[in-house]
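Chains as they are written, first to last, in the numbering used here: chain A, 0 to 228; chain B, 215 to 422; chain C, 15 to 245. What follows is one structure encoded as structure tokens, with my remarks underneath.
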Amino acid sequence: MKALKLLLLPYMAAFVAAAFLWPAPAEGFIGESSRIVFFHVPCAWTATLAFVVAAAYSVAYLARRNPRADAVAHAAVRLGLLFAVLALVTGSVFARIMWGSFWNWDPRQSSFLLLLFLYAAYLFLRAAIDDPERRARIGAAYAVFAAILMPFLVFVVPRVTESLHPQTIINPEGKILMDSPTKVVFFAGLAGFTAIFLWLLELESRLERLAAGAPAPSGNGNLPRRPGV
Amino acid sequence: MASARIEAIGLSKSFSGVTLFTDVSFTLGPGVLAVTGPNGSGKTTLLKILASLLRPTSGSVRLEADGRALSGDESRTSIGWSGPDLSFYPELTAAENLSFFRRAAGFVASREDVLVRLETVGLEGVGEPVEHFSTGMKQRLRIAFADLLDPPILILDEPMSGLDSGGRAAVQRVVSSARRRGPVVLASTDVEELPEADQVLELPRREK
Amino acid sequence: MSGATARELGFFPRAWAVCAKDAAQELRRRVAAASLFFFAATALALVSFAIGPFGVPEEARAAVNGALLWIILFFSAATGLPRAFVREEEAGTGIALRKLAPGIVVVAGKALFNFLLFLAIAVLSVPAFALLLEWRIGSPVALAGVVLLAGWGLSLVSTFLSALVARAGQRQVLFVVVSFPLVIPLLLPAIAATIEASRGDIAWRELRVLAAYDGAATSAAYLLAAVAWED
Numbered sequence: 000m001k002a003l004k005l006l007l008l009p010y011m012a013a014f015v016a017a018a019f020l021w022p023a024p025a026e027g028f029i030g031e032s033s034r035i036v037f038f039h040v041p042c043a044w045t046a047t048l049a050f051v052v053a054a055a056y057s058v059a060y061l062a063r064r065n066p067r068a069d070a071v072a073h074a075a076v077r078l079g080l081l082f083a084v085l086a087l088v089t090g091s092v093f094a095r096i097m098w099g100s101f102w103n104w105d106p107r108q109s110s111f112l113l114l115l116f117l118y119a120a121y122l123f124l125r126a127a128i129d130d131p132e133r134r135a136r137i138g139a140a141y142a143v144f145a146a147i148l149m150p151f152l153v154f155v156v157p158r159v160t161e162s163l164h165p166q167t168i169i170n171p172e173g174k175i176l177m178d179s180p181t182k183v184v185f186f187a188g189l190a191g192f193t194a195i196f197l198w199l200l201e202l203e204s205r206l207e208r209l210a211a212g213a214p215a216p217s218g219n220g221n222l223p224r225r226p227g228v
Numbered sequence: 215m216a217s218a219r220i221e222a223i224g225l226s227k228s229f230s231g232v233t234l235f236t237d238v239s240f241t242l243g244p245g246v247l248a249v250t251g252p253n254g255s256g257k258t259t260l261l262k263i264l265a266s267l268l269r270p271t272s273g274s275v276r277l278e279a280d281g282r283a284l285s286g287d288e289s290r291t292s293i294g295w296s297g298p299d300l301s302f303y304p305e306l307t308a309a310e311n312l313s314f315f316r317r318a319a320g321f322v323a324s325r326e327d328v329l330v331r332l333e334t335v336g337l338e339g340v341g342e343p344v345e346h347f348s349t350g351m352k353q354r355l356r357i358a359f360a361d362l363l364d365p366p367i368l369i370l371d372e373p374m375s376g377l378d379s380g381g382r383a384a385v386q387r388v389v390s391s392a393r394r395r396g397p398v399v400l401a402s403t404d405v406e407e408l409p410e411a412d413q414v415l416e417l418p419r420r421e422k
Numbered sequence: 015m016s017g018a019t020a021r022e023l024g025f026f027p028r029a030w031a032v033c034a035k036d037a038a039q040e041l042r043r044r045v046a047a048a049s050l051f052f053f054a055a056t057a058l059a060l061v062s063f064a065i066g067p068f069g070v071p072e073e074a075r076a077a078v079n080g081a082l083l084w085i086i087l088f089f090s091a092a093t094g095l096p097r098a099f100v101r102e103e104e105a106g107t108g109i110a111l112r113k114l115a116p117g118i119v120v121v122a123g124k125a126l127f128n129f130l131l132f133l134a135i136a137v138l139s140v141p142a143f144a145l146l147l148e149w150r151i152g153s154p155v156a157l158a159g160v161v162l163l164a165g166w167g168l169s170l171v172s173t174f175l176s177a178l179v180a181r182a183g184q185r186q187v188l189f190v191v192v193s194f195p196l197v198i199p200l201l202l203p204a205i206a207a208t209i210e211a212s213r214g215d216i217a218w219r220e221l222r223v224l225a226a227y228d229g230a231a232t233s234a235a236y237l238l239a240a241v242a243w244e245d
């Protein structure tokens, strides 16, 4: 595993170089802007993966009340927020180049903005609760509740209306409309970003567990309402 | 009818590094256990653990009624509890509070039944909302609350606090009838004011 | 009668008891209803003053009015509905209620109460809104259907989330922040269906989406109520 981590840096360096040098810019895009797909899509993918991870670990926490599960869920949301911001920024830059404005309430853009609000809400909710066990439990409950309502966020907001979003990957034909060099670099990037995400996730959750210090006492960690009872 | 029992097995509780008590064990059938100790010794916490309101750091509580162990859900209705932080809905009257709590717990609350319960604690005829109650009246209502579902196991924390002689007599009556059908656990800093106990458990002053 | 016997009342009577109790408290204090009412009234007055009956061109009127209506209803709900759980915390009655009633009973009862409260406000604000802004509603029945469907989803989600934030700091702001992303997929179809209703049509697709959302929200609240109510 350590060897794989060490390889990640040269791997990503090669990927970035290839992204700019190897495949030709795609047709129908202005200038070199199609290259953004190598960075934008993996960010969006990672942000969505982070949500799934957070939801899954929140369920795990509620089932067994293991603080480690909560630490992973919390870390996943923080990372998801980061990647969602990156996805929105790269997407907006692309939008500016292609259609002249950063933001146009395109359904896919908007649904990612909503995902961002969701992540921010989760973090805000946690920050407002002092007791560690309650914070974990309430955060997990919110994450799972949101996950159950998720399909509506994902499918209702980007209604099948006119979308400016390029249909290279998710499209009615179900085919990936890329040439070979592009496909290679694209999937390489996807794998690389996922690896980065998982590594960061591991680091972040370990850091959180260490920062939490001594393990919380088992059972109900409630403090009595009045001292001296 | 087989009577009820409560058994504490090695109970200990600590939070944020402070240990309240360790290794508390006892067995109690029909009768009274008086828990005593200075302020801060953990009496209220212990009673809440016995009433399934808090979880212990280690150890367990075993409840029995009708000759068999009680499940988690059954313990909700089988244990009556009252303590200093028990509060009621201020806008509602005593009768409304009691009948609501009975219904929320899943039991029918007839007017006559609620009236009898209020009479037992000397609150019959009190029509004003709880927010206008004196300390003593609120305490009487707490006792009525503890006995609301006619539980086989009764746990009263500081039952006499704020009560006049009439109120104390009411508590004595409630405890006398409860001790015949099951365990009654009472806590107070002053054991003299409590009804006569079959067992006494003294919690030591907390080590700093 | 020994308390170790089985319960006499099922889930619905118990939830109804919670709802009735909240209603009794509300009727005597009127805190939630008052804040709801004053918020809606102020918002309506502002909108009416700013736009007036002819401020918006005819073609755009349905869309603007539809959006404004649901914005007002959402923020009214955010102002008044969280009281249901906060009330328990402030009165200190949580400890007694937690001892006797499980999460699903309490959440269901309060959701029902909040739904009735929401409907009361809607019944007052929607006609007032239509009157003040000269908004002719083509199909009032369709509009009523939208208000009922979307109202249930909004009330239920608000109730559940208010259980989560009842013991947190910054409650008012926190509630809006946590409810907003979850309520958007409800408000957008509601607005679309409202616009259709004002044109006299029934927006079947949007109504289906609302019904599905309500179903998902109800299931989610059912699964997580115990967790939200825990001490």
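For each residue, glycine too, the CB sits at the ideal point set by N, CA and C. None of the values given here were measured: they were computed from a predicted structure.
Residue i: first and last residue of the uninterrupted alpha helix (DSSP H) it sits in
{"i": "proline 66 of chain A", "result": "66 to 98"}
{"i": "leucine 117 of chain A", "result": "106 to 126"}
{"i": "isoleucine 223 of chain B", "result": "Per DSSP, isoleucine 223 of chain B belongs to no alpha helix (DSSP H); it is in the beta strand (DSSP E), 219 to 229."}
{"i": "phenylalanine 50 of chain A", "result": "36 to 63"}
{"i": "alanine 248 of chain B", "result": "Segment 245 to 250 is the beta strand (DSSP E) holding alanine 248 of chain B; no alpha helix (DSSP H) there."}
{"i": "threonine 181 of chain A", "result": "179 to 210"}
{"i": "glutamine 386 of chain B", "result": "379 to 395"}
{"i": "serine 233 of chain C", "result": "218 to 243"}
{"i": "glutamine 39 of chain C", "result": "25 to 43"}
{"i": "phenylalanine 194 of chain C", "result": "185 to 212"}
{"i": "glutamate 338 of chain B", "result": "No alpha helix (DSSP H) contains glutamate 338 of chain B, which DSSP labels as neither H nor E."}
{"i": "leucine 147 of chain C", "result": "Leucine 147 of chain C -> no alpha helix (DSSP H), and no H or E assigned at all."}
Whether residue i touches residue j by CB criterion (7 angstroms)
{"i": "alanine 46 of chain A", "j": "glycine 79 of chain A", "result": "yes"}
{"i": "leucine 417 of chain B", "j": "serine 226 of chain B", "result": "no"}
{"i": "glycine 80 of chain C", "j": "threonine 208 of chain C", "result": "yes"}
{"i": "tyrosine 227 of chain C", "j": "glycine 167 of chain C", "result": "yes"}
{"i": "glutamate 203 of chain A", "j": "alanine 68 of chain A", "result": "no"}
{"i": "valine 119 of chain C", "j": "arginine 28 of chain C", "result": "yes"}
{"i": "glycine 117 of chain C", "j": "alanine 239 of chain C", "result": "yes"}
Limits of the unbroken beta strand (DSSP E) element including residue i
{"i": "serine 272 of chain B", "result": "272 to 279"}
{"i": "asparagine 238 of chain B", "result": "The residue asked about is misnamed: residue 238 of chain B is valine in this sequence, not asparagine. That run of the beta strand (DSSP E) goes 232 to 242."}
{"i": "glutamine 413 of chain B", "result": "413 to 416"}
{"i": "alanine 265 of chain B", "result": "Taken as a continuous stretch (DSSP letters only), alanine 265 of chain B belongs to no beta strand (DSSP E), as it is neither H nor E."}
{"i": "proline 67 of chain C", "result": "No beta strand (DSSP E) holds proline 67 of chain C; DSSP gives it neither H nor E."}
For residue i, the nearest candidate out of the options (CA to CA)
{"i": "serine 179 of chain A", "options": "A/Leu8, A/Ala23, A/Ala16", "result": "A/Ala23"}
{"i": "alanine 54 of chain A", "options": "A/Val76, A/Leu6, A/Arg34", "result": "A/Val76"}
{"i": "alanine 70 of chain A", "options": "A/Leu7, A/Ala145, A/Glu132", "result": "A/Glu132"}
{"i": "glutamine 413 of chain B", "options": "B/Pro252, B/Ser239, B/Ile293, B/Ala309", "result": "B/Ser239"}
{"i": "phenylalanine 189 of chain C", "options": "A/Gly90, A/Ala119, A/Met11", "result": "A/Ala119"}
{"i": "glycine 229 of chain C", "options": "C/Glu102, C/Val171, C/Lys35", "result": "C/Val171"}
{"i": "alanine 194 of chain A", "options": "A/Ala49, A/Met177, A/Trp21, A/Ile29", "result": "A/Ala49"}
{"i": "threonine 291 of chain B", "options": "B/Leu368, B/Pro409, B/Gly380", "result": "B/Leu368"}
{"i": "glycine 294 of chain B", "options": "B/Pro252, B/Leu400, B/Ser274, B/Phe347", "result": "B/Leu400"}
{"i": "alanine 225 of chain C", "options": "C/Val119, C/Leu200, C/Arg150, C/Trp30", "result": "C/Leu200"}
{"i": "phenylalanine 143 of chain C", "options": "C/Ser212, C/Ala122, C/Ala115, C/Trp243", "result": "C/Ser212"}
{"i": "isoleucine 216 of chain C", "options": "C/Ser49, C/Gly152, C/Leu147", "result": "C/Gly152"}
{"i": "leucine 115 of chain A", "options": "A/Leu87, A/Met0, A/Asp129, A/Arg34", "result": "A/Leu87"}
{"i": "glycine 188 of chain A", "options": "A/Lys1, A/Trp102, A/Pro9", "result": "A/Pro9"}
{"i": "aspartate 378 of chain B", "options": "B/Ser390, B/Phe359, B/Gln353, B/Gly231", "result": "B/Gln353"}
{"i": "phenylalanine 25 of chain C", "options": "C/Ala156, C/Ala77, C/Ala122, C/Leu58", "result": "C/Ala122"}
Which residues DSSP lists as bridging residue i, in chain order
{"i": "alanine 81 of chain C", "result": "DSSP lists no partner for alanine 81 of chain C."}
{"i": "tryptophan 295 of chain B", "result": "B/Ile369"}
{"i": "leucine 400 of chain B", "result": "B/Ala248, B/Leu370"}
{"i": "proline 343 of chain B", "result": "B/Thr307"}
{"i": "arginine 282 of chain B", "result": "B/Ala279"}
**OP:** Could you tell me whether the segment 138 to 147 of chain C touches the segment 325 to 340 of chain B, where touching means 3 or more Cβ pairs closer than 8 angstroms?
**Re:** At 8 angstroms Cβ cutoff, the stretches do not touch.
Original post:
For the segment 146 to 166 of chain C against the segment 206 to 221 of chain C, are there 3 or more C-beta pairs whose distance is under 8 angstroms?
Top reply: Verdict: yes, contact present.
Original post:
Does the segment 372 to 385 of chain B come close enough to the segment 295 to 304 of chain B to have 3 or more Cβ pairs within less than 8 angstroms?
Top reply: With a cut-off of 8 angstroms, the segment 295 to 304 of chain B and the segment 372 to 385 of chain B count as touching, because enough Cβ pairs lie within range.
**OP:** Taking 8 angstroms as the threshold, find out whether the segment 317 to 324 of chain B comes into contact with the segment 375 to 389 of chain B through three or more Cβ pairs.
**Re:** No contact exists between the segment 317 to 324 of chain B and the segment 375 to 389 of chain B.
Original post:
Is there contact between the segment 340 to 350 of chain B and the segment 307 to 323 of chain B, where contact requires at least three CB pairs shorter than 8 angstroms?
Top reply: Using a C-beta cut-off of 8 angstroms, the segment 340 to 350 of chain B makes contact with the segment 307 to 323 of chain B, since at least three inter-stretch Cβ pairs fall below that distance.
Original post:
So does the segment 276 to 294 of chain B actually touch the segment 311 to 318 of chain B, counting three or more Cβ pairs closer than 8 angstroms?
Top reply: They do not touch, by the three-pair rule.
**OP:** Flag this pair as touching only if the segment 248 to 268 of chain B and the segment 35 to 45 of chain C have three or more C-beta atom pairs under 8 angstroms; answer yes or no.
**Re:** The way I'd put it, the segment 248 to 268 of chain B doesn't touch the segment 35 to 45 of chain C; fewer than three beta-carbon pairs between them come closer than 8 angstroms.
**OP:** Give a yes or no on contact between the segment 57 to 77 of chain C and the segment 109 to 127 of chain C, applying the rule of three or more CB pairs nearer than 8 angstroms.
**Re:** Here the segment 57 to 77 of chain C makes no contact with the segment 109 to 127 of chain C; the two share fewer than three CB pairs at distances below 8 angstroms.
Original post:
Taking contact to mean at least 3 C-beta pairs separated by less than 8 angstroms, is the segment 44 to 62 of chain C in contact with the segment 175 to 183 of chain C?
Top reply: The answer is no - the segment 175 to 183 of chain C does not touch the segment 44 to 62 of chain C, with fewer than three Cβ pairs under 8 angstroms.
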